[in-house]
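Protein chains in written order, with my numbering: chain A, 1 to 165; chain B, 166 to 343.
Ideal Cβ placement from N, Cα and C applies to all residues, glycine included.
Here the structure is a predicted model, which means the values were calculated and not measured.
Scroll down for the structure; my scribbles are underneath it.
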Amino acid sequence: MIAGVDYRQRHFEDVAEGEALVGAGDEITYRRVIMNPGATLDYFPGHHDPEYARSQGQPTIFVNTMHVMGFVDRLVAEWGGPRTFLVRRRVTLRASVYAGDTMVGSGRVLATRHEERDGRRRHLVDLEVTVDNQRGERCATGAVTVALPGRGDGEGTRPWWPPGG
Amino acid sequence: MSGRSPTGYDIATGTYEQARAMVGQTTPVRFGEEAVNGAMARQFAALVHDASAGYWDPEFAEGWWGGTVAPPAMLMTWLMPLEWRPGGAVPVPLLTARVPLPGDTFVNASNETEYFLPVCEGDRLNVVEELVDVSPEKRTALGTGHFVTTKSTVRRQDGAVVAVMTNVLFRFSAGATP
């Protein structure tokens, strides 16, 4: 075990419909916005050039979609744990997250269900998520489906399978 | 017609009719520049402050995922063209930049990605993009333009589809609200 790394895992049987996901606030400094193109290789100038961002009608530089999705995935991972498999994520961007803003993530369990294929079975959880800023403005809404391990799963069971079938 | 727009990307410009004529087109397969690797995976995890063991503990990652796993949100990072090459070859822009439309800039509107298999260290990804839809002209708070929907099918070196992503991007001219 490595200190600070997240190993805690939620099993499917632990999940209750209606349960809330509570995320930490995340302060998006200029430094973080500039890290974003470096980490994602997305050099669209709205993500690193304030003058360009203003020419686009934006107050300053803003994070890209991969950053917002990564923040959503982190919210889900902190709730579910490191064996959680992301099956589907839909994110609708309503307002940009600018340098100087704080992202606040939250979510809720909508449904729990099973999916079966070729004699295999996996445990799915449907979630709704939101990303707001420090002014309470809604920046993004999302719908996420994850597959969680179940307590009765066999040793080698993994919650993913190829498309089709 | 195309030209270097203020975005720094080579954006094709043209009319809505020209853009509509491209709907249904798919790109040739494009290969990622680098194999999926833990160093870049952790840069992304550090960006979003994600402490999941699959990124930070190789032993855990090997046992559950089959290797250090890539954060799902950075899928398209593995497929980004290099900014520069010796000899000055210009990178092939993403499909969204090649759709001929009046707008000289863009902002993303929505993204839906379905994941089938984990992407792990050592994987070589490739992508085929399809232009799914171009909307009629719409007016938004940012300006007037068109919503461009693309579908990216991402495969691994063995041909297995790891993810399918549908993205909607707003292509517009800043301040062009009538």
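*Return the CA-CA distance between A:A99 and A:G156, expressed in angstroms with no decimal places.*
One Cα belongs to A:A99, the other to A:G156, and the distance between them is close to 44 angstroms.
*Under 9 angstroms between beta-carbons, which chain A residues line up against B:T309? List them in chain order, please.*
Going along chain A, no residue has its Cβ under 9 angstroms from B:T309, so there is no contact; the nearest lies around 12 angstroms.
*Can you grab the Cα-Cα spacing for the pair A:G4 / A:A77, in whole Å?*
14 angstroms
*Element boundaries [beta strand (DSSP E), containing A:D73]*: Not the beta strand (DSSP E): A:D73 falls in the alpha helix (DSSP H), residues 65–80.
*Leaving out five residues before and five after A:A20 in sequence, what residues of the same chain have Cβ atoms less than 6 angstroms from its Cβ?*
R108
*List the residues of chain B whose Cβ lies closer than 9 angstroms to the Cβ of A:V5, in chain order.*
A216, S217, A218, Y220, W221, D222, F225
_Extent of the continuous alpha helix (DSSP H) to which A:Y30 belongs_ = 30–40
*Let me know the secondary structure DSSP gives B:L244 once reduced to three states.*
helix
*Test item: CB-CB of A:T60 and A:P45 under 8 angstroms*: no
*Residues bridged to A:D49 [DSSP beta-bridge criterion]*: Per DSSP, none; premise fails for A:D49.
*Using alpha carbons as the reference points, say which of B:F196, B:G228, B:T233, B:W229 lies closest to B:A158.*
Nothing about residue 158 of chain B can be reported from this structure: the residues present for chain B run from 166 to 343 only.
*Quick one: is B:G168 near chain A, going by C-beta distance under 8 angstroms?*
Caution is warranted here: a pLDDT of 47 is assigned to B:G168, below 50, making its placement in the model unreliable, and the coordinate value is therefore given only provisionally. False, the Cβ-Cβ gap to chain A never drops below 8 angstroms.
*the region 321–338 of chain B: which residues have C-beta closer than 7 angstroms to a C-beta of chain A, in chain order?*
A325, V326
_So within the region 85–120 of chain A, which uninterrupted beta strand (DSSP E) runs reach at least 3 residues, ignoring any that extend past its ends?_
Counting whole runs of 3 or more residues, the region 85–120 of chain A contains the beta strand (DSSP E) stretches 85–93, 102–117.
*Should the region 268–276 of chain B be regarded as contacting the region 296–303 of chain B, the criterion being three or more beta carbon pairs within less than 8 angstroms?*
no
*In chain order, what residues of the same chain lie with their CB nearer than 6 angstroms to the CB of B:P343, ignoring the 5 residues before and after it?*
With a pLDDT of only 42 at B:P343, under the threshold of 50, the placement of this residue in the model should not be trusted; the figure read from the coordinates follows. Sequence-distant partners of B:P343 (beyond 5 residues in either direction) whose C-beta falls short of 6 angstroms from its own C-beta are missing from its chain.
*Thinking just about the alpha-carbon of each residue, which of A:T84, A:I34, A:L41, A:R31 is nearest to the one in B:Y220?*
A:T84
*asked:* Can you look up B:G308 in the DSSP assignment and give me helix, strand or coil?
replied: strand
*asked:* Rounded to whole angstroms, what is the Cα-Cα separation between B:S167 and B:A186?
replied: Legend: pLDDT at B:S167 = 43, less than 50; position of this residue unreliable, no value from coordinates given.
*Quick one: grab the DSSP three-state call for B:L212.*
helix
*Is the distance from the Cβ of A:A140 to the Cβ of A:R90 below 8 angstroms?*
no
*asked:* Less than 8 angstroms between the beta carbons of B:L247 and B:P256, yes or no?
replied: yes
*When B:F312, B:D298, B:K316 are compared against B:N273, the one with the closest alpha-carbon*: B:F312
*Could you tell me whether the Cβ of A:N133 comes closer than 8 angstroms to any Cβ of chain B?*
no
*With 8 angstroms as the limit, tell me which residues of the region 277–301 of chain B have their beta carbon closer than that to any beta carbon of chain A; keep them in chain order.*
E277, T278, E279, Y280, F281, L282, P283
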